[in-house]
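Chemist: 7 is the number of the first residue of the sequence shown in the numbering used here; add one for each residue after it. We put the beta carbon where it would ideally sit given N, CA and C, even for glycine. What you are looking at is a predicted structure, and each value in this text was computed from that prediction instead of being measured.
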Amino acid sequence: MPHPFLYLIMQSSSALFPVALHSAELRGDLAEDVYLLKPGNSPDSSVTLALTRVGLAGQQACRGEPVVLLHGSFSNRRFWLSPRGIGLAAFLARAGLDVWLAEMRGHGLSPRNRTYRHNCVADYVCYDLPAIAAFIHEQNPQPAHWLGHSLGGVILAAALGGHYLKADGLRSAALFGSQISRVYWPLKVPPVEWGGRLLLGRFDYLSGRRFKRGPEDEPIGLVLEALRWHGLFGRFGDSQRDWWAGLADVQLPVLAVAGESDHQDPPWACRKLLEQFAGPQHFLTLGPAAGYRHSYGHVDMLVSQAAREEVWPLVLHWLQEASLPAVTE
Numbered sequence: 007m008p009h010p011f012l013y014l015i016m017q018s019s020s021a022l023f024p025v026a027l028h029s030a031e032l033r034g035d036l037a038e039d040v041y042l043l044k045p046g047n048s049p050d051s052s053v054t055l056a057l058t059r060v061g062l063a064g065q066q067a068c069r070g071e072p073v074v075l076l077h078g079s080f081s082n083r084r085f086w087l088s089p090r091g092i093g094l095a096a097f098l099a100r101a102g103l104d105v106w107l108a109e110m111r112g113h114g115l116s117p118r119n120r121t122y123r124h125n126c127v128a129d130y131v132c133y134d135l136p137a138i139a140a141f142i143h144e145q146n147p148q149p150a151h152w153l154g155h156s157l158g159g160v161i162l163a164a165a166l167g168g169h170y171l172k173a174d175g176l177r178s179a180a181l182f183g184s185q186i187s188r189v190y191w192p193l194k195v196p197p198v199e200w201g202g203r204l205l206l207g208r209f210d211y212l213s214g215r216r217f218k219r220g221p222e223d224e225p226i227g228l229v230l231e232a233l234r235w236h237g238l239f240g241r242f243g244d245s246q247r248d249w250w251a252g253l254a255d256v257q258l259p260v261l262a263v264a265g266e267s268d269h270q271d272p273p274w275a276c277r278k279l280l281e282q283f284a285g286p287q288h289f290l291t292l293g294p295a296a297g298y299r300h301s302y303g304h305v306d307m308l309v310s311q312a313a314r315e316e317v318w319p320l321v322l323h324w325l326q327e328a329s330l331p332a333v334t335e
């Protein structure tokens with residue numbers, strides 16, 4: 007049963023920073039516990055992060071290896087776990103893994119912070135992911151697997167390249183439909199980039215529902231940051247660190263998966279991001295050319311009946327072995 011008032015009455019469940027249990031629900035054989043974290047480690051002290059743990063009901067004390075799933079843009083935790091308890095998160099939890107679903111600032115159950123319109127990837131990687139990693143490690147000290155889809159994978163790569171997430175605390179990383187190398191040539195023309203900044207800067211956010219991109223909005227700060235990355239002299243990083251260059255120091259097993267029919271984040275660009283890592287690399291394109299029955303796109307590579315049959319078992323094998331099955335190598 008849900009407990010909507012627990013956030014108000016429970017004491018902190020962490021020695022790191024204030025954490026409260028927002029809700030605890032049973033979804034069939036699964037337990038879904040939602041924590042609200044107040045790390046207080048960023049310039050905006052109003053930031054609160056929702057972090058959901060999914061595990062087998064009645065087995066909270068018996069935990070497998072932790073797996074952290076990061077949603078993409080215009081999305082939230084429901085990308086991984088539907089209200090009916092269906093999704094990759096449920097599949098992995100039933101396999102005995104300790105599954106955690108992070109929601110970025112202003113997404114899902116993470117409320118909009120005071121400076122919401124300025125939120126960007128640099129905030130996520132400098133402040134939020136380290137806090138999430140610290141709390142999960144406190145609850146389960148085993149090295150964690152991290153998996154991101156689309157922007158979630160980009161955020162994960164940025165955190166590793168910026169050394170905000172330490173590779174020695176991770177067992178593996180997996181990037182699904184994630185890239186930062188696709189070139190948008192008009193943005194290489196400075197007046198076009200400047201004009202785009204001027205126009206978009208008038209808004210606080212882009213509506214996912216209005217543009218039919220997903221259930222969530224994205225802060226305009228993230229969009230302006232992407233314009234800078236793809237500008238004439240842009241780079242994948244912030245004012246302090248070059249995340250792209252930093253990936254060359256990351257010694258960690260990394261899996262990159264692309265969809266054969268994904269035109270938003272094409273396979274060649276996903277492979278290029280993978281190749282910047284220094285550790286063991288594994289790449290796969292999901293489509294008939296690689297022996298799959300379905301030519302996967304950007305979303306259905308993880309959310310579809312076909313993915314349930316073909317891709318989810320592959321993900322589980324990766325998490326258990328840090329390698330792909332021999333037939334797909």
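Is L103 closer than 9 Å to R83 when the C-beta atoms are compared?
Modeler: In this structure, L103 does not lie closer than 9 Å to R83 by Cβ.
Chemist: Which residues in the same chain have their Cβ closer than 8 Å to the Cβ of W235, if we skip the five residues on either side of it in sequence?
Modeler: Same-chain partners within the cutoff: I186, R241 and F242.
Chemist: Does Y41 come out as helix, strand or coil in the three-state DSSP assignment?
Modeler: In the structure shown, Y41 sits in a strand (DSSP, three-state: E or B).
Chemist: When the Cβ atoms of the stretch 221-238 are set against those of the stretch 139-151, are three or more pairs found closer than 8 Å?
Modeler: These segments do not touch.
Chemist: Specify the secondary structure class of P286 as computed by DSSP and reduced to three states.
Modeler: It is coil, neither helix nor strand.
Chemist: Run through DSSP, which three-state label would F182 get?
Modeler: Strand, per DSSP.
Chemist: Assuming A173 and E109 form a contact by the criterion Cβ under 8 Å, report the distance between their Cβ atoms to the nearest whole angstrom.
Modeler: Incorrect: roughly 24 Å between the Cβ atoms, too far for contact.
Chemist: Opposite W152 in the DSSP bridges: which residues?
Modeler: For W152, which the question treats as bridged, DSSP gives the partners V74 and A179.
Chemist: Just checking A137 against the ligand ATP - is the residue's beta carbon closer than 8 Å to any of the ligand's heavy atoms?
Modeler: Looking at this structure, you won't find the ligand ATP or any other ligand, since it has none at all.
Chemist: With a Cβ-Cβ cutoff of 9 Å, do A180 and V260 count as a contact?
Modeler: The answer is yes: Cβ separation under 9 Å.
Chemist: For V131, collect the residues of the same chain with a Cβ closer than 7 Å to its Cβ; drop the 5 residues on either side in sequence, then sort them by chain order.
Modeler: Excluding sequence neighbours, V131 sits near I161, A164, A165, G168 and Y170.
Chemist: Please report the straight-line C-alpha distance between E316 and G34, rounded to a whole angstrom.
Modeler: C-alpha separation (whole angstroms): 24 Å.
Chemist: Contact check, Q257 vs G214 under 8 Å by CB: the rounded distance?
Modeler: Wrong, their Cβ atoms sit about 36 Å apart, outside the cutoff.
Chemist: Distance check for P331 and L41, CA to CA, integer angstroms please.
Modeler: Correcting the residue identity first, residue 41 is Tyr in this sequence and not Leu. Approximately 35 Å between the Cα atoms of the pair.
Chemist: Any chance you could list the beta strand (DSSP E) runs of at least 3 consecutive residues sitting entirely within the stretch 93-129, in chain order?
Modeler: Segments of the beta strand (DSSP E) lying fully in the stretch 93-129: 104-109.
Chemist: Exposed or buried, V2, counting other C-beta atoms within 10 Å across all chains shown (16 or more means buried)?
Modeler: Because the chain in this structure spans residues 7 to 335, residue 2 falls outside the shown range and cannot be described.
Chemist: In its own chain, which residues sit with a C-beta less than 6 Å from the C-beta of A101, not counting the 5 before and 5 after it?
Modeler: Excluding positions up to five away in sequence, the list reads L322.
Chemist: Determine the contact status of G175 and L75, defining contact as a CB-CB distance below 9 Å.
Modeler: Against a cut-off of 9 Å, the Cβ pair of L75 and G175 comes out as no contact.
Chemist: For G201 and A26, I'd like the C-alpha separation in whole angstroms.
Modeler: Those two C-alpha atoms are separated by around 44 Å.
Chemist: Leaving out the 5 sequence neighbours to the left and right, which residues in its chain are closer than 6 Å to F85 when beta-carbon positions are compared?
Modeler: Excluding positions up to five away in sequence, the list reads H77.
Chemist: Would you tell me roughly how many angstroms separate the C-alpha atoms of P10 and I226, rounded to the nearest one?
Modeler: With a pLDDT of only 37 at P10, under 50, the local geometry of the prediction cannot be trusted, and the value read off the model is given with reservation. Taking the straight line joining both Cα atoms gives about 31 Å.
Chemist: Could you check what DSSP says for L258 in three-state terms: helix, strand or coil?
Modeler: L258: coil per DSSP, three-state reduction.
Chemist: With a Cβ-Cβ cutoff of 9 Å, do P294 and E266 count as a contact?
Modeler: Going by C-beta atoms, P294 is nearer than 9 Å to E266.
Chemist: Put A275 into one of helix, strand or coil per three-state DSSP.
Modeler: A275: helix per DSSP, three-state reduction.
Chemist: Measure the alpha-carbon distance for H124 versus G207 and round it to whole angstroms.
Modeler: Between H124 and G207, the C-alpha separation is close to 10 Å.
Chemist: From P49 to W274, what distance separates their C-alpha atoms?
Modeler: Cα to Cα, P49 sits roughly 37 Å from W274.
Chemist: For L204, count the other beta carbons within 10 Å of its own beta carbon; 16 or more makes it buried, fewer makes it exposed. Which is it?
Modeler: Flag for L204 reads exposed.
Chemist: Nearest to L320 by CA position, among K278, P272, A262 and R177, is which residue?
Modeler: The shortest C-alpha separation from L320 is found at A262.
Chemist: Pick helix, strand or coil for R59, following the three-state DSSP scheme.
Modeler: Three-state result, R59: strand.
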